[in-house]
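Take any residue in the sequence shown, count from 1 to its spot, add 266: that is its number in the working numbering.
For every residue, glycine included, the Cβ atom is placed at its ideal position computed from N, Cα and C.
Here the structure comes first, spelled out in structure tokens, and everything after it is commentary.
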Amino acid sequence: PILALSLYGGMLADRYDKRKLMMITQATMGLAALVLGLLVLTDLVALWHVFVIAGCLGVAAAMDMPIRQSFASEIVGVDNLANAVSLNSAIFNAARLVGPAIAGLMIAAAGDDTGPVFLLNAGSYVVTILALRFMRTSELSRSPEVPRGRGQLRAALTYVNNHSDIKAAMLLVFIVGTFGLNFQITMALMVTDVFGRGAGAFGLLSTAFAVGSLSGALLSTRRAGRPRQRTLYIAALVFGLFEVVSGLMPVYLAFAVVLIPTGAAALTFMVAANSFVQLGVDPTMRGRVMALYFMAFMGGTPVGAPVVGWMGENLGAPVALIAGGAIVAVAALALGWFGIRQRGLRVQAQVFPRPSMSLAPRSELRAPSRPSEPRAGSEPSEPSDPGVLEPARSDSRLEHVSAPR
């Protein structure tokens, strides 16, 4: 459903009242959790029940994600938009990683009974719906609603294709989501196949990864404004390298320790990517573009999970971790280098009055001035002091090698 319906959810977010749409999607997901919890508690649950409820939940989630992300820009004013987007994406991504770990601990505390956990999950939606219902709508900074029209989905695809920075960010998000964020599979295989431990050890690893994720989320909220594109590439590179290192850890304790910075790097990248895309689009396109973002982010998991699982079972869990991290790191380097070449950046150096270096497009660079040739019959001018070199003019520039922004 995420791949098929997210773009339609983004289109609805651009057309209608996002607050009311969120109340509908949240009520649908809460009802699905309530029904599943009651079926489990009464011991009437069957496999087809799970498939039907999962399908309903997937449809509601596909609609909810772009609506919820674009609604964050309406809750706060323009001055606080950057920090609000960072905080919202940090909470979303942290919950995505921390939530399964908390659910696992609660299921273990309930004696492996999942029914009470589903009911508690259903109750949490009531709180969200009440908060939306009693929100002071007069204080919302509403985005202009887009009227109905033909070709609006195609317009979103064209918009992303015409903005190379957003297109590169979405491609990197897809690669990270496909090959890098499958820790629920790889951690389970590492615990059972490599370290020979049980559910308790898996819970500790999930906690270590969650601690790192929360740390990365909190650090990301301190950043003001739209992140630079190089922040995405650096965060993805660091995450990929830490994932490779985690696959090389020979003992359980070392593996658990490495998961902390790995989780922090993962959340730093996800928050930066979300903020970079959302703060870089036109407000009238935000819902549809964010839908494409989540299609890239969440849609890669069904593709990568079977591949990572097959590698873990046939080649070993360490190989799956190392391969996934290497793919992410190489993708970050390749996209970063492509961005540098595409923008044609060069280093700009100033010699006088104070030496300094900065990046500028090649079109803005000026070649250093050359001394004029002496005319025939005239003597070349000499400096007043033969032992002192004349300083360069204040506008003299030097062109050097290509470098990242």
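Taking every protein chain shown into account, the CB of Ala328 has 16 or more other CB atoms within 10 angstroms, so this residue is buried. Assigned with DSSP and collapsed to three states, Gly590 falls in helix.
Minimum Cα-Cα distance from Met456 among the listed residues Arg414, Ala531 and Pro516 corresponds to Pro516. Note that the C-beta distance between Leu398 and Arg285 is below 8 Å. Counting along the chain, the unbroken alpha helix (DSSP H) around Phe563 starts and ends at Arg552 to Asn580. For Glu405, no alpha helix (DSSP H) run applies, since DSSP gives it neither H nor E. In the displayed model, Asp379 falls within coil according to three-state DSSP, outside both helix and strand. Here Leu406 has Arg285, Glu340 and Ile341 as same chain residues with Cβ atoms under 8 Å from its own Cβ, once five neighbours each way along the sequence are excluded. Using a Cβ-Cβ distance cut-off of 8 Å, the region 553-573 and the region 506-523 are not in contact, since fewer than three pairs of beta carbons, one from each stretch, lie closer than that value.
The way I'd put it, the region 547-562 doesn't touch the region 473-490; fewer than three beta-carbon pairs between them come closer than 8 Å.
Assigned with DSSP and collapsed to three states, Thr291 falls in helix. Counting only the Cα atoms, Arg552 lies some 11 Å from Ala338. Scanning Val439, Ala522 and Ala539 for the CA closest to the CA of Arg494 turns up Ala539. Look at Thr487 here: in three-state DSSP terms it is coil, with no helix or strand label.
Separation of the CB atoms of Gly513 and Gly478 is rounded to 16 Å, and the pair is thereby denied contact status at 8 Å. With three or more CB-CB distances shorter than 8 Å, the region 599-609 counts as touching the region 424-435.
Rounded to the nearest angstrom, the Cβ distance from Gly590 to Val574 is 6 Å, consistent with a contact under 8 Å. With distances taken between CA atoms, Arg281 lies nearest to Arg416 out of Met295, Arg416, Leu545 and Asn354. When rounded, the separation of the alpha-carbon atoms in Arg488 and Ser409 is 25 Å.
Counted as a single uninterrupted DSSP element, the alpha helix (DSSP H) harbouring Asn428 occupies residues Gln418 to Asn428. Of the candidates Trp576, Leu271, Ile290 and Gly578, Leu271 places its Cα closest to the Cα of Val325. Just so you know, the alpha carbons of Asp548 and Gln335 end up roughly 14 Å apart.
Membership of Leu455 in the alpha helix (DSSP H) is indicated by the continuous run Phe449 to Leu455. Between Gly275 and Gly370, the C-beta spacing is not below 8 Å. In the DSSP assignment, Ser336 falls within the alpha helix (DSSP H) that extends over Leu313 to Ile341. If you check the CB distance, Pro568 and Val460 do not come in under 8 Å.
Between Leu273 and Met295, the beta carbon gap of about 19 Å keeps them out of contact (Cβ cut-off 8 Å). Scanning its chain for C-beta atoms nearer than 7 Å, with the 5 sequence neighbours on each side dropped, one finds around Thr497 the residues Ala538, in chain order. From the listed residues Met289, Ile357 and Asp309, the smallest Cα separation to Ser481 is found for Ile357. Rounded to whole angstroms, the separation of the alpha carbons of Gln292 and Leu385 is 15 Å. Excluding its 5 nearest sequence neighbours in each direction, Met401 has C-beta neighbours in its own chain below 7 Å: Arg285, listed in chain order.
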